[in-house]
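These notes concern the structure reproduced below.
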Amino acid sequence: MTNTGSSPSRFDIVIVGGGPVGLSTAWHAAARRQRTLVLDRYGFFNEQAGSSGAERHWRLQYTQEDLFRLTMEALPMWRRLENLAERRLVHHIGSLWFGDIDVETNEGQIATTARIMDRLDVPYQWLTAKDIENRFGFTDLPSHYEGFLQPDGGTIDVRGTLAALYGLAQREGCVLSGGETALELLPDADGVTVRTDRETYRAGTVVLANGPGVNDLLAPLGATLDIRLYEMALVSLRRRAADVDFPFWFVFQQPTEEDTNLFYGFGRNPWSPSELVRLGPDFEVHPLGSAQGATGRPDPRHVDRLCSWVERHLPALDPEPAHTSSCLAVLPADPRRQFYLGLADGLVPGGRNIVLYNSGWGFKFVPLIGRICSDLAIDGRTDFDIARLAPTGPQEADR
Ligand SMILES: Cc1cc2nc3c(=O)[nH]c(=O)nc-3n(C[C@H](O)[C@H](O)[C@H](O)COP(=O)(O)OP(=O)(O)OC[C@H]3O[C@@H](n4cnc5c(N)ncnc54)[C@H](O)[C@@H]3O)c2cc1C
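Our numbering puts the sequence shown at residues 149 to 547.
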């Protein structure tokens, strides 16, 4: 964006961050005839923030019932997005959770989640360690491991989703500015002035959907979110035979002294099948001081831990990595919280003109979070139940 006049360009809504959440918010807001600007520091479709890689896990199940209900609200919104974009984005290859059913993890807990599925009447199959070995080719699982296959779960096409949202936002008339960094927010009673490395804008409301960069903008206003940044390893392995395939799987295990001992993997990408499948360790250890501390490379020890687990338990894959990369995960310090989502009033002065979404395993909620952020930006409220996620102090998260 270049402004040739002397007064700042005006928008109803300025969105900081052009990842999936920023683009989804832009699409919803512009569809309601809001003059909307999206800024992205690294440019759209970048691989430097929280949405790199090809796929994300789609699941209905959550250990927290309020979030479970939100995934059920998100599914029809994915269908609507797919219809508008004329492409399939969520592929229902199934979601397999297994392992120690009582271990508490940031991802959830198996036994409690199964009880919630019973209560909400969500179908699943309960499986023993032997069932899982016989059906999916895992080997040498501890005999007490159990779990479930939820057939509606699966995998989300990340790049397809970004392309769909970018196209829809553009079609609705959003201004999309890549390679432009928001440097400062100055909220007041009537709106927010946004200073970037190129321009100054005036917005009725600002939506902060800038993932790992959120505290750079909040700290000068006197508040920060209590979040942790982790550089997570992504590892591609070769299938030993073309007919081998899996649902999405996640193994819940007791933590070791060094790490959280959690691993996951995808089956073939239905939208671009290849001999490779993507796996990862979900190790929430050694948080970075800031996003600038990311190396762009995975910790070799984490890659080794994953490949050793595969060598022992998943002989259908060659444990020698074909490709590795890393991705920045932003998680709340308090894992019970899961997300920050809401208006920033109570957090910073003038915060009722700032909406923020941050942290957590949020890709599965993208169409819904975009709708909620646009509701909050335009109406100052939403009908969805997000009370527990409000961006307030840590004591609020304990409710
Ligand atoms: C390894 C890994 C696995 C995951 N697995 C899952 C999963 O299976 N299921 C799931 O639902 N979720 C998963 N997630 C989480 C999910 O990927 C994220 O919640 C989601 O991608 C975040 O999207 P976003 O739009 O909030 O942020 P991002 O994609 O991080 O986008 C933020 C954007 O803000 C921009 N930005 C930052 N600061 C500024 C600034 N000052 N000015 C302008 N622009 C700025 C950046 O350039 C960036 O493009 C996973 C995450 C990781 C890392």
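Don't be surprised by glycine CBs; every beta carbon is placed ideally from N, CA and C. It should be emphasised that the depicted structure is a prediction, and the values quoted were computed from it without experimental measurement.
Contact annotation: Leu237 and Gly308 have beta-carbon atoms nearer than 8 Å.
Gln486 sits buried, since 16 or more C-beta atoms from the chains shown fall within 10 Å of its C-beta. The count of Cβ pairs closer than 8 Å, one atom from the region 481 to 497 and one from the region 368 to 381, reaches three, so the stretches are in contact.
With contacts defined by Cβ atoms closer than 8 Å, Leu476 and Gly165 do not form a contacting pair.
Rounded to whole angstroms, Thr276 and His292 show a C-alpha spacing of 8 Å.
Judged by the Cβ position, Phe511 qualifies as a neighbour of ligand 1 at the 7 Å threshold, a heavy atom of the ligand being closer than this. Scanning Asp407, Pro448, Phe414 and Gly415 for the CA closest to the CA of Glu432 turns up Asp407. Around the beta carbon of Leu537, 16 or more other beta carbons lie within 10 angstroms, which makes this residue buried. Beta-bridge annotation (DSSP): Phe396 is paired with Ser243. Taking 3 residues as the shortest admissible run, the region 424 to 510 contains the following complete beta strand (DSSP E) segments, listed from N- to C-terminal end: 424 to 429, 465 to 480, 488 to 491 and 502 to 506.
In the three-state reduction of the DSSP assignment, His176 falls in the helix class. Between ligand 1 and the CB of Gly321, the shortest heavy atom gap is not smaller than 7 Å. For Ile264, the uninterrupted alpha helix (DSSP H) run begins and ends at Ile258 to Leu268, by DSSP.
Sequence-distant Cβ neighbours of Glu459 in its own chain, meaning closer than 7 Å and more than five residues away, are Pro467. Judged by DSSP in its simplified three-state form, Leu215 adopts helix. Around the beta carbon of Glu234, a 10 Å sphere encloses fewer than 16 other beta carbons of the protein chains shown; the residue is thus reported as exposed. Taken in chain order, the complete alpha helix (DSSP H) segments of 4 or more residues contained in the region 353 to 415 are 362 to 366. For Arg343, the uninterrupted beta strand (DSSP E) segment begins and ends at Val340 to Thr344. Taking all protein chains in view, the Cβ of His176 is crowded by 16 or more other Cβ atoms within 10 Å, so the residue is classified as buried. Asp188 has its Cβ nearer than 7 Å to a heavy atom of ligand 1. Sixteen is the threshold: when 16 or more other Cβ atoms of the shown chains lie within 10 Å of the Cβ of His239, as they do, the residue is buried.
Cβ neighbours of Gly518 within its own chain (closer than 7 Å, five residues either side excluded): Val169, Ser172, Thr173, Trp175 and His176. For Pro360, the closest alpha carbon among the candidates Val354, Ala442, Arg283 and Ser325 is that of Ala442.
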